[in-house]
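Below: one structure, written as structure tokens.
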Amino acid sequence: MATASPLDRVADFPAIPDGWAYLDTAATAQKPQAVIDAITRAYDTSYATVHRGVYQRSADMTVAYEKAREAAARFIGAGSANEIVFTRGATEGINLVAQCWAATQLKAGDRIMLSMLEHHSNIVPWQMVAERLGVAIDVLPLTADHRIDLDAMERMLTPAHKLVSLGHVSNVLGSVLDGRRAADLAHGVGAKILLDGCQAVPRIAVDVKALDCDFYVFSGHKLYGPTGIGVLWARPELLDAMPPYQGGGSMIDRVSFEKTTYAPPPGRFEAGTPHIVGALGLHAAIDYVSAIGLDAIHAHEAALVAQAREGLSAINSVRLLGPEDSAGIVSFAVEGVHPHDIGTILDESRVAIRAGHHCAQPLMEALGLPATARASFGVYNGPDDVAALVDGVRRVTRIFG
Ligand code: PMP
Numbered sequence: 001m002a003t004a005s006p007l008d009r010v011a012d013f014p015a016i017p018d019g020w021a022y023l024d025t026a027a028t029a030q031k032p033q034a035v036i037d038a039i040t041r042a043y044d045t046s047y048a049t050v051h052r053g054v055y056q057r058s059a060d061m062t063v064a065y066e067k068a069r070e071a072a073a074r075f076i077g078a079g080s081a082n083e084i085v086f087t088r089g090a091t092e093g094i095n096l097v098a099q100c101w102a103a104t105q106l107k108a109g110d111r112i113m114l115s116m117l118e119h120h121s122n123i124v125p126w127q128m129v130a131e132r133l134g135v136a137i138d139v140l141p142l143t144a145d146h147r148i149d150l151d152a153m154e155r156m157l158t159p160a161h162k163l164v165s166l167g168h169v170s171n172v173l174g175s176v177l178d179g180r181r182a183a184d185l186a187h188g189v190g191a192k193i194l195l196d197g198c199q200a201v202p203r204i205a206v207d208v209k210a211l212d213c214d215f216y217v218f219s220g221h222k223l224y225g226p227t228g229i230g231v232l233w234a235r236p237e238l239l240d241a242m243p244p245y246q247g248g249g250s251m252i253d254r255v256s257f258e259k260t261t262y263a264p265p266p267g268r269f270e271a272g273t274p275h276i277v278g279a280l281g282l283h284a285a286i287d288y289v290s291a292i293g294l295d296a297i298h299a300h301e302a303a304l305v306a307q308a309r310e311g312l313s314a315i316n317s318v319r320l321l322g323p324e325d326s327a328g329i330v331s332f333a334v335e336g337v338h339p340h341d342i343g344t345i346l347d348e349s350r351v352a353i354r355a356g357h358h359c360a361q362p363l364m365e366a367l368g369l370p371a372t373a374r375a376s377f378g379v380y381n382g383p384d385d386v387a388a389l390v391d392g393v394r395r396v397t398r399i400f401g
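Spelled out as structure tokens, the structure:
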């Protein structure tokens, strides 16, 4: 269906049949043939374990695995591949920082700052640590146009705040955070800042040095790569000072029953046999989006967002959420219609959207909605997909009178 797109990449995606508008990329992106080929090739022709084998195949696989780490480092502007920890995804990256950094650095009376729009994976790991330590959590409100309110952040921050953790791009509203301003504010009171880049890396160019953040996480599967692989980036001095996350093989320097010593980062945080082929798939995905260019992807998605917002706002009963310049994501509500019904009716027109709370229940409460309908875009979508979405929502309003 996505034919008239300025990027027109739908042909790269074998799992998108003709006439299907896949508008759920914020949940997970479809995979380009280049990623599928990289994964298949690895299992077909070059598979072996990494970091251990004395035989050539394993040495080659180790090189490929570590090249993926270098690609991830370049992709987000990290200083070195050693600053990249492979995780299962953003969720694990945040849990790792919560357990290995926050749980060891924070004490009773300290405070953590989050925002109202966070994904549950950027709320619950902090709550688990906060409850254990007697640490309080403050929640930043949103502006009228649904961004994290950084003026409020300026007013609310105190020297008791040791960590701020914010979504770089909201998975519900698409709002893009001014990450550099947030980092400057956090550092102004001596706090560290983590940015949850899950929805940012597929949509905007990210440079952790320019952002001046302390931790950055993302998931491979939202970046057109495989599931089960993600990245935690942290400043090297923070990683150096952090204890291991899990114990096991690969993360040690020397093991004895008297005392075990640990490997330096990033190995210290990667216990067990890693998701070897996942890392190779992520590398292919990074190459794929880098070849198109994040600026081109962002411009492409901005045009689709503008088209969707214009089309949907012309329908009387539609309430649009999020700012006008949201990155690739449009959430909306239709008066008197549950989002699940919107999703089901759209599915009959072969338009796939997400309906629900999007793992952001506190945000739903703040918006006064039980759930929203969400359309999110990727490189394979085009104006025809947006037209199908708008037509489908018109049909919903006809059905519900
Ligand atoms: N943060 C945001 C903003 C997300 O959109 C998601 C996934 N929906 C996550 C974190 C968690 O990512 P994952 O489930 O891949 O670990």
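Numbering (full-length UniProt numbering), first residue to last: 1 to 401. For every residue, glycine included, the Cβ atom is placed at its ideal position computed from N, Cα and C. All values derive from a computational prediction rather than experimental measurement.
Considering only the beta carbon of each residue, do residue i and residue j sit closer than 8 Å?
i: N171; j: A360; result: yes
i: L142; j: A103; result: no
i: R111; j: H161; result: yes
i: A352; j: Y22; result: yes
i: A314; j: A373; result: no
i: P383; j: Q307; result: yes
i: V97; j: L194; result: yes
i: I204; j: L177; result: no
i: E92; j: G225; result: no
i: M113; j: L157; result: yes
In three-state DSSP terms, what is residue i?
i: R354; result: strand
i: T261; result: strand
i: A271; result: coil
i: I193; result: strand
i: D24; result: strand
i: H146; result: coil
i: V54; result: coil
i: M113; result: strand
i: T40; result: helix
i: D138; result: strand
i: L367; result: helix
Tell me the rounded alpha-carbon separation between residue i and residue j.
i: I329; j: R180; result: 22 Å
i: I345; j: E301; result: 24 Å
i: H221; j: G89; result: 8 Å
i: Y43; j: A15; result: 20 Å
i: V189; j: A136; result: 16 Å
i: G343; j: G174; result: 19 Å
i: S165; j: D214; result: 10 Å
i: A4; j: G19; result: Here the model assigns A4 a pLDDT of 42, short of 50, so the residue's position is not dependable, and the following value carries that caveat. Going by the C-alpha atoms only, they are around 13 Å apart.
i: W126; j: Q30; result: 30 Å
i: S264; j: L238; result: First, the amino acid is wrong: residue 264 is Pro here, not Ser. Their Cα atoms are separated by approximately 12 Å.
i: I292; j: Q105; result: 41 Å
i: F75; j: A152; result: 32 Å
i: H146; j: F400; result: 28 Å
i: A2; j: R350; result: Per-residue confidence for A2 stands at a pLDDT of 45, beneath the threshold of 50, marking its modelled position as unreliable; no derived number is given.
i: E324; j: Q199; result: 17 Å
* Asked: What are the start and end residues of each continuous beta strand (DSSP E) run of 3 or more residues lying completely inside the segment 306-361, in chain order?
  -> 318-320, 329-334, 354-356
* Asked: Unbroken beta strand (DSSP E) runs of length 3 or more, entirely within the segment 180-234: which are they?
  -> Runs of the beta strand (DSSP E) spanning 3 or more residues and lying entirely within the segment 180-234 occur at 192-196, 215-219, 230-234, in chain order.
* Asked: Could you give the uninterrupted runs of the beta strand (DSSP E) lying entirely in the segment 60-133, keeping only those of 3 residues or more?
  -> Complete beta strand (DSSP E) runs here, min 3: 84-87, 111-115.
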